[in-house]
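In my numbering, the protein residues as written are 132 to 593.
What follows is the structure, given as structure tokens:
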């Protein structure tokens, strides 16, 4: 039996009963978190462009678009996925050589489960499958160092989740995963150098394609069953040899995923929490600060600190800003928060933040790197103009798996992001539906999501 056939057997075998109570709770937390991110992105410029294309091309009204209307399943995946991802505020999973965002799979599983007229339990089970596949492939087969994007493993995960939600048998599930895994091996250039809109659309596009692959498999289209270990397959061409025994896997990896407290790249979270703690403790203002020095683990340095993925002090766009630790620290100190408002063009271009970000120095620390990903370390030294030096060291942050974010805190984040597009009663109904999703029809939730009002103004660029 090939590895993809073993994976398909795992997908078919998975059930709601396999999930612990903690895993079930963790899934609901991440669904609500992702939906808050989605509603908060309804006025994003690239998202509106995707919506215009979906509306222009049309599609049978089978699946709900967040913010209103219905379309074909794969197009709903593209649009809803763009919503979840655009703010770069959804969850993450940290492996030694890879970082991914497993809730990127929500749009695919949501559309498939809605198409299949599934229940809330069906959605959560399929989502747990997607989480497990995405995280475990990130553990054993990282591809970032080889120049490929984390959406590469995501193709397998999204196809697995969609196949589960559709209730495909093992043979069709095998074909769905094999087609998607063969077709979507994305380049890491998406997240290096001068960042573009594609940073937020790469996974929605992968999920769109993986959903399309699963529906083709549902109709009998076959895929290469040696996609992993075969001649010129994933192992030989990209990842190298690895082993993964799907007969021994569970559905608990969701509990190791982490949430973002701040609207910023995941590896910045501890440094931001530490700096904001210093700001509050000492009533700091920007004009008091001469420079900021920060030491982080090597992955943070290379991705957002100016290491191998490019310089981080020439910042002009949202995509560049949310992946620049100098910008993030500078705007956090000046504004006391890092939320969507910190990415408005006039905020990014303002002289105060542009000046301070050039006085932020980022360096890797070998001990922090050794402790990653079990810890999420940062050490800050804030040099004041009066000669004082303020220091703070962090091992984790609120939202990391060692300090999980409480349901109430996630509801607060959801409210903060969605209040401009949904009234208080509507927000409460969505949160209640997610909390009790295992008892509901999925249609009870999608109805609420379709009633969210997409704003007519561009909040992020106002």
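Note that beta-carbon positions come from the ideal geometry of N, C-alpha and C, so glycine has one too. Remember, it's a predicted structure, so these values are computed and weren't measured experimentally.
Rounded to whole angstroms, how far is the Cβ of residue 225 from the Cβ of residue 504, which I believe are closer than 8 Å?
4 Å
In its own chain, which residues sit with a C-beta less than 7 Å from the C-beta of residue 471, not counting the 5 before and 5 after it?
171, 218, 394, 591
Terminal residues of the beta strand (DSSP E) in which residue 447 lies:
No beta strand (DSSP E) contains residue 447, which DSSP labels as neither H nor E.
Residue 391 to residue 209, Cα distance in whole Å?
23 Å
Buried/exposed call for residue 330, threshold 16 Cβ in 10 Å
buried
How is the beta strand (DSSP E) around residue 512 delimited, first residue to last?
509-515
Would the stretch 229-241 and the stretch 354-365 be scored as touching if the rule is three or more Cβ pairs under 8 Å?
no
Rounding to the nearest angstrom, what Cα-Cα distance links residue 589 and residue 553 in this structure?
At residue 589, the pLDDT of 44 sits below 50, so the modelled position is not reliable; the number obtained from the coordinates is stated separately. Approximately 16 Å, taken between the alpha carbons.
Is the Cβ-Cβ distance between residue 203 and residue 194 less than 8 Å?
yes
Counting along the chain, where does the beta strand (DSSP E) carrying residue 522 start and finish?
520-525
Please say whether residue 255 and residue 296 have beta carbons closer to each other than 8 Å?
no
Under a Cβ-count criterion, where at least 16 other Cβ atoms within 10 Å of its own Cβ denotes burial, should residue 388 be classed as buried or exposed?
buried
Restricting to runs no shorter than 4 residues, where is the alpha helix (DSSP H) found entirely within the stretch 141-205?
152-171, 176-188
In terms of residue numbering, what span does the beta strand (DSSP E) encompassing residue 495 cover?
491-495
How many Å lie between residue 102 and residue 159 at the Cα?
Given a span of 132 to 593 for the chain in the structure shown, any question on residue 102 remains unanswerable.
Just confirm the distance between the C-beta atoms of residue 252 and residue 280, as a whole number of angstroms; I'd bet it's less than 8 Å.
Not confirmed; about 32 Å, so no contact.
DSSP three-state assignment for residue 360, whether helix, strand or coil:
coil
So, residue 467 versus residue 410, is the Cβ gap smaller than 8 Å?
yes
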